[in-house]
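Take a look at the structure below.
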Amino acid sequence: MTTINLVASDEGVRHAFARDASGMELLPERVARPKAEEEVVDLLRNARAEGEPVTPAGGQTSTTGASITDKGILLSMRGLANVGAVEREHLTIRVQAGVNLGDLKRQLAAEELLFAPDPTSEDDVTIGGAIACNASGARSLLYGATRPHVIALRVALADGSVHELRRTRLEKNTVGYAPIHDPIDWFVGSEGTLGVILEAELALLPLPPNVAGLAIPFPDEVRALDFIIAARSSTEVSPRCLEYFDGGALEIARTAEGASDWARGAGALVYTEQVAAAGSEIPLERWLALAEQYGATEDDISVYDGAAALRDARRLRHTIPATMIERGSRYRGAGGRRVSTDWAVPYRHLKDAIRESRRCAAEAGIDQPVVYGHAGNGHPHQNYIARDSSELARMEQVVEQTLRYVVSVGGTVAAEHGIGKIKRRWLPLQLTPLQLGMMRAFKRELDPSAMLSPGNLF
């Protein structure tokens, strides 16, 4: 097989794959768009022989520059998009890496099944990309991130060898070092640096029969974040998600809804969902009672009941990052962009961490970020808009100050979007030299010529 017809050097094609959601632009030297596993294998073997780097990419929704490159080949996996049949006995499904996550979830919902991971950009994300960055989302509070839902992987290494990996069912195992017990975990979250994900077997759940969402406005940030801690700790309610909107995010949501007067006196909002078994009621009264304790503006509470209403709520949440990406893109020509954080802390520290980040921004004389996201996991997103390169540098200094505080209280510099190229400078804030050395050892063993995804992580 030859890669002559697989790889394109046309400038228009290269520009089509030069951007992701990070605000960066890197023009690949060439672009490959395979439609079969054999083409991927052939490309990797040829690239290795020629010493050419390869960066695999899915839907290119990365906020860290992980899915773009200006070195060698950009390997778009979207053409590998076959979906197998549901295995009903074990509740699993086999899919190729290029399958669109949103399409898959809708197909499964029609069969009353759920693939639980729910990144906000699921309509643009591929399965391979979601696995490569261990994607998560609002409902990860209940279901966890992508990792535990991956049962098996088919992976091509840098030398073109293909490996079928499956999680062990052992309850006890003392053979060798613990990190080598489950090779699937080497690739989930590896950001394309260790191998190319070709196919995955995914664990499914029955679609919940009864779900309701509530959007609860609060007078200010402090009371909203205190409510999140109370809801997370409560034995009276069981949230599937706890999403936070600060004043700036709430204003974006109002504009998107065309409802400028909705919750006009509120300075923050919390969106939550709860699941109930068939025949059971969602405990709305308990939610309302808890919200009242923290000063919620009860007359403006909205209830989202049923699949269509829940989709509306999800769309409303997605308007926040979509709007901020659009705002940041206006300043690309001046060296500016959206600066997006992805840190997380133990959820009881969230209020203090946000306060510290706001203090750092005020001291630096930059605009306060728009803050939204998965507060139930102690994981907000902070979006700054840099209007030029000078402001970008100041904002990145503020982010680093924030991350130093985050790590000091037991947090992480990247909770769900990975490290990519943008955040690699901050990896040593969290990982020790010993941990970084072990990462490099993994990289050397699986990709000794360092041809996969140059610039990601390392």
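In short: position in the sequence shown from 1, add 270, done, that's the numbering used here. In this text, a Cβ means the ideal position worked out from N, Cα and C, and glycines have one as well. Keep in mind it's a predicted model, so treat the numbers as computed, not measured.
- For Gly643, the enclosing beta strand (DSSP E) covers residues Val640 to His644.
- Apart from the 5 residues on each side of it in sequence, Ala645 sits with its Cβ closer than 8 angstroms to the Cβ of Leu495, Ile498, Leu512, Glu513, Tyr514, Val540, Tyr617 and Leu620 in its chain, given in chain order.
- Excluding five sequence positions before and after Pro449, none of the CB atoms of its chain fall closer than 7 angstroms to its own CB.
- The beta carbon of Ile595 sits closer than 7 angstroms to those of Ala291 and Arg608, all from its chain and outside the five residues before and after it, given in chain order.
- Contact check for Ser572 against Ala485 passes: the beta carbons are separated by less than 8 angstroms.
- Looking only at Gly335, Val640 and Gln563, the smallest Cα-Cα distance to Thr589 is reached by Val640.
- The three-state secondary structure of Phe457, taken from DSSP, is helix.
- For the 8 angstroms CB-CB criterion, Thr463 and Lys713 form a contact.
- In the structure shown, Ala405 falls within a coil segment according to DSSP collapsed to helix, strand and coil.
- Annotated as distal: Ala379 and Asn480, with beta-carbon spacing of 8 angstroms or more.
- Within the same chain, Thr273, Leu276, Val277, Ala302, Pro304, Val324, Ile343 and Leu345 come within 8 angstroms of Leu313 by CB-CB distance, once the 5 residues on both sides are set aside.
- Ala533 is a Cβ neighbour of Thr567, given a cutoff of 8 angstroms.
- For Tyr413, the three-state secondary structure derived from DSSP is helix.
- Using a 10 angstroms sphere on the CB of His360, the tally of other CB atoms stays under 16, which defines it as exposed.
- Under the Cβ criterion (8 angstroms, minimum of three pairs), the stretch 384–395 does not count as touching the stretch 556–565.
- Annotation for Ile552: no alpha helix (DSSP H) segment contains it, and DSSP assigns it neither H nor E.
- The beta carbons of Val432 and Val311 sit closer together than 8 angstroms.
- Non-local C-beta neighbours of Thr339 in its own chain, meaning closer than 8 angstroms and more than five positions away in sequence, comprise Leu296, Pro298, Pro323, Thr325, Ser723, Pro724 and Gly725, ordered along the chain.
- The beta carbon of Ala684 is closer than 6 angstroms to those of Asp612 and Lys693 in its chain, skipping five residues each way along the sequence.
- Counting of Cβ neighbours within 10 angstroms places Ser332 among the buried residues, the total reaching 16 or more.
- Thr567 sits in coil when the DSSP states are folded into three classes, being neither helix nor strand.
- Secondary-structure assignment with DSSP links Val669 through no beta bridge to anything.
- Residue state for His451 is assigned as coil, using DSSP reduced to three classes.
- Of Glu543, Gly635 and Ile624, the smallest CA-CA separation from Ser410 is found for Glu543.
- Partner residues in the beta bridge of Thr682, as assigned by DSSP, are Ala614.
- Across the structure, Glu308 and Leu350 are spaced so that their CA atoms are roughly 11 angstroms apart.
- Where Gln700 is concerned, the enclosing alpha helix (DSSP H) starts and stops at Leu697 to Gln700.
- Excluding the 5 residues flanking it on each side, Gln671 has same chain C-beta neighbours closer than 6 angstroms at Cys630, in chain order.
- For Pro509, the enclosing beta strand (DSSP E) stretches over residues Pro509 to Phe515.
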